[in-house]
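Visitor: Chains as they are written, first to last, in the working numbering: chain X, 6 to 352; chain C, 336 to 575. Beta carbons are placed, not taken as given, at the ideal position from N, Cα and C, and that holds for glycine. Quick one: the structure is below, questions incoming.
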Ligand SMILES: [Zn+2]
């Protein structure tokens with residue numbers, strides 16, 4: 006290899022919630038390693054993520070993840086070009102482990118440090134499918150976030166709509182709990198939904214409103230009222246039909262809002278990303294909708310990279326690296342970090 | 336031996352750089368509690384002043400708790416990452432022992448106390464033996480009254496350090512022996528002292544698995560264990 010062909014290697018860290026992850030990424034699109042230590046089993050004991058427990062697990066795992074990531078990628082510190090880390094949004098105590106470890110590695114080996122917004126990371130999971138073409142629009146759906154992000158050009162992110170109450174993934178967990186499904190409930194509800202029918206016709210919130218915001222609290226309340234009422238009169242409802250009805254309402258709201266957004270923001274790509282992007286119902290619906298759209302094509306984040314992982318952080322870090330976005334040793338966690346709103350959006 | 340010592344267990348931030356028995360640079364700051372922001376820049380600054388690179392370090396000594404959960408995690412994450420990434424030794428010292436090391440009086444009994452609210456504290460009792468604080472009552476999260484009652488049984492003068500002033504009335508009524516008046520300076524960790532002690536201590540054998548000494552389960556964990564006394568709690572994190 007000539008010096009100009011030297012590959013760019015980034016060691017990326019992610020610890021914003023309940024996964025400790027370290028990855029080595031080549032040129033922003035090739036995964037040499039992506040170690041993910043998940044704490045799901047631990048938090049299942051409590052029915053959801055307990056922040057202090059999450060922080061304690063992260064510190065148990067973080068240096069092991071570094072070692073495994075380097076070993077699997079067969080690289081050493083001398084081969085690296087930069088260190089990248091999620092610094093927000095997320096749980097502050099959890100973020101701090103990744104941020105502290107990443108800063109320390111960067112300092113110890115005199116490497117540049119790249120601060121990465123977790124949501125940019127989620128979007129860039131799609132980079133492992135194909136290069137991102139601008140302008141692009143991303144539908145980000147996860148346990149903590151539901152938002153539409155417009156990307157006019159590389160390294161530019163503008164929120165054009167977001168949830169006004171629960172995130173979609175949060176709503177899944179809540180109705181899952183009502184049906185006796187342990188956190189995280191998305192997968193089971195998705196499976197049941199495919200076995201049932203939309204018989205309950207739950208409300209679709211703000212589907213027709215003239216903005217791109219989402220709301221799932223009304224749907225959640227309708228769901229709880231329906232099951233509560235059935236309990237009182239001793240009636241057993243089909244979990245499959247309940248799931249199908251709930252999921253259909255969620256998917257309708259997400260798909261309708263996205264369709265409106267695409268009308269106002271013509272883009273080359275619609276990127277579907279975030280933990281809930283693994284939902285089959287949502288993937289299928291957007292595939293159908295986008296088949297009828299001649300100008301925009303759908304890029305779905307790979308199933309394996311929908312959940313939190315450091316490979317997606319490394320993919321965006323490569324872009325940040327090209328743009329010279331670096332942090333110094335004072336980098337802190339920013340639990341409520343978010344993209345700016347689009348200047349012309351109706352908030 | 337080039338040593339970096341750090342403590343961010345509570346509000347003070349303390350960093351020191353040593354070359355064997357020589358303290359090259361040391362700082363203790365109490366004006367803010369922003370350890371995530373300030374710890375690494377202070378390490379950078381002190382190493383630079385000492386004209387050392389991170390790769391020159393042979394050992395990192397850390398006050399590993401008890402203390403603020405976030406505070407001890409920042410220090411321990413920094414220490415274990417440095418040790419792991421540079422492949423150097425790490426020595427962990429009790430954050431209470433770090434304070435006790437401030438008392439240079441051979442044979443003295445020292446009781447460092449961190450206020451843990453609601454009349455509770457993280458506390459331990461140490462005797463200075465050959466210049467080294469040696470635990471007499473192990474570090475624990477305890478009711479202050481219980482700790483003081485146990486300390487009083489020794490019937491000897493006791494040096495109270497740390498947040499002890501928060502409990503002055505209780506100390507006065509519980510402890511019958513003398514309590515030496517101290518300079519407020521002794522209430523602050525000065526990690527140069529444990530940097531010196533840390534040269535002789537045995538390094539942590541498994542840096543990767545090392546965790547801070549919280550001395551308390553999280554509330555969720557404690558409640559869960561009470562309900563599930565038989566469950567193994569070791570295998571809850573898995574690689575996917
Ligand atoms: Zn996420």
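1. Please confirm if residue 204 of chain X has its CB atom under 9 Å from at least one CB of chain C.
2. Measure the alpha-carbon distance for residue 556 of chain C versus residue 56 of chain X and round it to whole angstroms.
3. Compare the C-beta of residue 133 of chain X with all C-beta atoms of chain C and state if any pair is closer than 9 Å.
4. On a Cα-Cα basis, can you pick out the residue from X/180, X/273, X/174, X/37 that is closest to residue 230 of chain X?
5. Return the residues of the segment 556-567 of chain C that lie within a Cβ-Cβ distance of less than 7 Å from chain X, sorted by chain order.
6. Using CA atoms only, rank isn't needed, just tell me which of C/398, C/430, C/341, C/405 is closest to residue 374 of chain C.
7. Who are the neighbours of residue 14 of chain X on chain C, taking C-beta pairs under 7 Å?
8. Short of 8 Å in beta carbon distance, which residues of its chain neighbour residue 178 of chain X, apart from the five on each side in sequence? Order them along the chain.
9. Candidates X/244, X/217, X/157: which alpha carbon is nearest residue 199 of chain X's?
10. Taking 6 Å as the limit between beta carbons, can you name the residues of its chain near residue 197 of chain X, skipping five residues before and five after?
11. Measure the CB-CB distance between residue 235 of chain X and residue 222 of chain X and report whether it falls below 9 Å.
12. From the beta carbon of residue 98 of chain X, is the nearest beta carbon of chain C less than 9 Å away?
13. May I ask whether a heavy atom of ligand 1 can be found less than 8 Å away from the beta carbon of residue 93 of chain X?
14. At which residue ranges does the segment 98-143 of chain X contain complete alpha helix (DSSP H) runs of 4 or more residues, listed in the order of the chain?
15. Looking only at its chain, what residues have a beta carbon closer than 7 Å to the beta carbon of residue 321 of chain X, apart from the 5 residues adjacent to it on each side?
16. Along chain X, which residues have their Cβ under 7 Å away from the Cβ of residue 372 of chain C?
17. For the 8 Å Cβ check, are there 3 or more pairs between the segment 407-425 of chain C and the segment 513-523 of chain C?
18. Can you list, in chain order, the stretches of the beta strand (DSSP E) that have 3 or more residues and sit fully within the segment 58-100 of chain X?
19. Contact between the segment 444-458 of chain C and the segment 490-504 of chain C: three or more CB pairs below 8 Å?
20. Assuming residue 323 of chain X is part of the alpha helix (DSSP H), what are its boundary residues?
21. For residue 437 of chain C, list the residues DSSP reports as bridge partners.
22. For a test of the three-state rule: what should DSSP assign to residue 424 of chain C, helix, strand or coil?
23. I'd like to know whether the C-beta of residue 62 of chain X is nearer than 9 Å to at least one C-beta of chain C.
24. Since residue 448 of chain C sits in a beta bridge, which residues does DSSP pair it with?
25. Assuming residue 155 of chain X contacts residue 163 of chain X (C-beta within less than 8 Å), just tell me the rounded distance between them.
26. How many Å lie between residue 63 of chain X and residue 446 of chain C at the Cα?
27. Where do the ends of the beta strand (DSSP E) carrying residue 43 of chain X lie?
28. Applying the 10 Å Cβ sphere with the 16-neighbour rule, what's the burial state of residue 119 of chain X?
29. Excluding sequence positions up to five away, which residues of its chain have a Cβ less than 7 Å from the Cβ of residue 6 of chain X?
30. List, in chain order, every chain C residue whose beta-carbon is nearer than 7 Å to that of residue 297 of chain X.
31. Between which two residues does the alpha helix (DSSP H) containing residue 291 of chain X stretch?
32. According to DSSP, is residue 163 of chain X helix, strand or coil?
33. Closest by CA to residue 145 of chain X, which one among X/19, X/23, X/256?
34. Taking its Cβ as the centre, do 16 or more other Cβ atoms sit within 10 Å of residue 238 of chain X, making it buried, or is it exposed?
35. Does the beta carbon of residue 182 of chain X come closer than 9 Å to any beta carbon on chain C?
36. Look up residue 576 of chain C in the DSSP assignment and give the residues it is bridged to.
Guide: Inspection of the coordinates gives the following:
1. Taking Cβ atoms only, chain C never reaches closer than 9 Å to residue 204 of chain X, which makes this a no.
2. Cα to Cα, the separation comes out at about 12 Å.
3. False, the Cβ-Cβ gap to chain C never drops below 9 Å.
4. Of the candidates X/180, X/273, X/174, X/37, the one whose C-alpha sits nearest the C-alpha of residue 230 of chain X is X/180.
5. Cβ contacts with chain X come from 556, 559.
6. Out of C/398, C/430, C/341, C/405, C/341 has the C-alpha closest to the C-alpha of residue 374 of chain C.
7. By Cβ distance, chain C contributes nothing, its closest Cβ being about 16 Å from residue 14 of chain X, past 7 Å.
8. Cβ neighbours of residue 178 of chain X beyond the five flanking positions: 53, 148, 188, 189, 190, 191.
9. It is X/244.
10. These residues qualify, in order along the chain: 244, 245, 248.
11. Taking 9 Å as the Cβ cut-off, residue 235 of chain X and residue 222 of chain X do not qualify as a contacting pair.
12. So, interface residue.
13. In this structure, ligand 1 has no non-hydrogen atom nearer than 8 Å to the beta-carbon of residue 93 of chain X.
14. 123-129, all fully within the segment 98-143 of chain X.
15. Taking residue 321 of chain X as the centre and dropping the five residues before and after it, the same chain places the C-beta of 121, 125, 126, 129 closer than 7 Å to its C-beta, in chain order.
16. Near residue 372 of chain C (Cβ distances below 7 Å), the residues of chain X are 335, 337.
17. Segments in contact, no.
18. Complete beta strand (DSSP E) runs here, min 3: 87-93.
19. At 8 Å Cβ cutoff, the stretches touch.
20. It spans 315-327 - the alpha helix (DSSP H) in which residue 323 of chain X sits, taken as one unbroken run.
21. According to DSSP, which records beta bridges pairwise, residue 437 of chain C is partnered with nothing at all.
22. The three-state reading of DSSP puts residue 424 of chain C in strand, counting E and B together.
23. Yes, contact with chain C.
24. Under the DSSP definition of a beta bridge, residue 448 of chain C partners with C/458, C/497.
25. Yes, they are in contact, since the Cβ atoms of residue 155 of chain X and residue 163 of chain X sit about 5 Å apart, within 8 Å.
26. Distance between the alpha carbons of residue 63 of chain X and residue 446 of chain C is about 32 Å.
27. Following the DSSP letters along the chain, one finds residue 43 of chain X inside the beta strand (DSSP E) bounded by residues 35-43.
28. By the 16-neighbour rule on beta-carbons within 10 angstroms, residue 119 of chain X is buried.
29. Confidence in residue 6 of chain X is poor, its pLDDT being 49 and thus under 50, which makes the residue's placement unreliable; the coordinate value appears in the next sentence. Correct list: empty, nothing qualifies.
30. The contacting residues do not exist; residue 297 of chain X stays about 36 Å from chain C at best.
31. Where residue 291 of chain X is concerned, the enclosing alpha helix (DSSP H) starts and stops at 285-296.
32. Residue 163 of chain X: strand per DSSP, three-state reduction.
33. Closest in alpha carbon position to residue 145 of chain X, among X/19, X/23, X/256, is X/256.
34. Residue 238 of chain X is exposed by the Cβ-count criterion.
35. It does not: the Cβ of residue 182 of chain X has no partner Cβ on chain C nearer than 9 Å.
36. The first residue shown for chain C is 336 and the last is 575, placing residue 576 of chain C beyond what the model contains.
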